[in-house]
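J.: Just dropping this structure here.
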Amino acid sequence: QKLKVEDALSYLDQVKIRFANDPGIYNKFLDIMKEFKSQSIDTPGVINRVSQLFHGHPDLVLGFNAFLPPGYRIEVPK
Amino acid sequence: LPAPQLVMLANVAAVTAAES
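Heads up: the sequence lines are chains F and U, in that order.
For the numbering used here, add 607 to where a residue sits in the first sequence, where the first one is 1.
For the numbering used here, add 28 to where a residue sits in the second sequence, where the first one is 1.
Laid out in structure tokens, this is it:
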């Protein structure tokens, strides 16, 4: 399934709302994405950082997985 | 680039960050 810009905006909103009391986490997520955009980090690097940042938030991890290319996903502990 | 959807998310995040 192809995700659209609206899906990305909606996901970013979800992250922002979740960490409304701790906006540093939302800003860190934006920083990770900026570093990916500027190619400072690659896809596995993003996966590594995001899995640490969203540890304990399996719904956010699953939402993020939807943006990953085939063959990549962050495992959610059961 | 091998991760077009992730690039799209990164682009949207960059715009969002610039606006806030």
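Ideal placement from N, C-alpha and C gives every residue a C-beta, glycine not left out.
All of these numbers come straight from a predicted model, not from anything done at the bench.
(1) For F:L669, go through chain U and note every residue whose CB falls closer than 8 Å to its CB, in chain order.
(2) Any C-beta of chain U sitting closer than 8 Å to the C-beta of F:F643?
(3) Please name the residues in the segment 642–661 of chain F whose beta-carbon is closer than 8 Å to at least one beta-carbon of chain U, in chain order.
(4) Are the C-beta of F:A627 and some C-beta of chain U separated by less than 8 Å?
(5) In angstroms, rounded to a whole number, what distance separates the CA positions of U:A41 and F:K635?
(6) Inspect the beta-carbon positions of F:I632 and F:S658 and report whether they are closer than 8 Å.
(7) Within the same chain, show all residues whose beta-carbon is closer than 7 Å to that of F:F674, passing over the 5 residues directly before and after it, in chain order.
(8) By Cβ distance below 7 Å, which residues in the same chain neighbour F:F613 in space, the five residues on each side in sequence not counted?
T.: If we stick to the structure as given:
(1) Along the first sequence, one-based indexing puts residue 669 of chain F at 62. By Cβ distance, chain U contributes nothing, its closest Cβ being about 14 Å from F:L669, past 8 Å.
(2) By 1-based counting over the first sequence, the position of residue 643 of chain F is 36. At least one chain U Cβ lies under 8 Å of F:F643.
(3) Taking 8 Å as the upper bound on Cβ-Cβ separation, chain U lies near residues F643, K644, T650 and V653 of the segment 642–661 of chain F.
(4) Here residue 627 of chain F is taken as the residue at index 20 of the first sequence, counted from 1. No, because no Cβ of chain U sits closer than 8 Å to the Cβ of F:A627.
(5) Taking the second sequence and counting its residues from 1, one reaches residue 41 of chain U at position 13. Taking the first sequence and counting its residues from 1, one reaches residue 635 of chain F at position 28. Rounded to whole angstroms, U:A41 to F:K635 spans 11 Å at the Cα level.
(6) Against the first sequence, residue 632 of chain F aligns to sequence position 25. Against the first sequence, residue 658 of chain F aligns to sequence position 51. No. Outside cutoff.
(7) Locating residue 674 of chain F in the first sequence gives position 67, where the first residue counts as 1. Counting only Cβ-Cβ distances below 7 Å, and skipping sequence neighbours, we find L610.
(8) As a first step, residue 613 of chain F is located in the first sequence; it is residue number 6 there, counting from the start. Here residue 613 of chain F is Glu; the residue named in the question, Phe, does not match the sequence. Closer than 7 Å at Cβ, skipping near neighbours: no residue.
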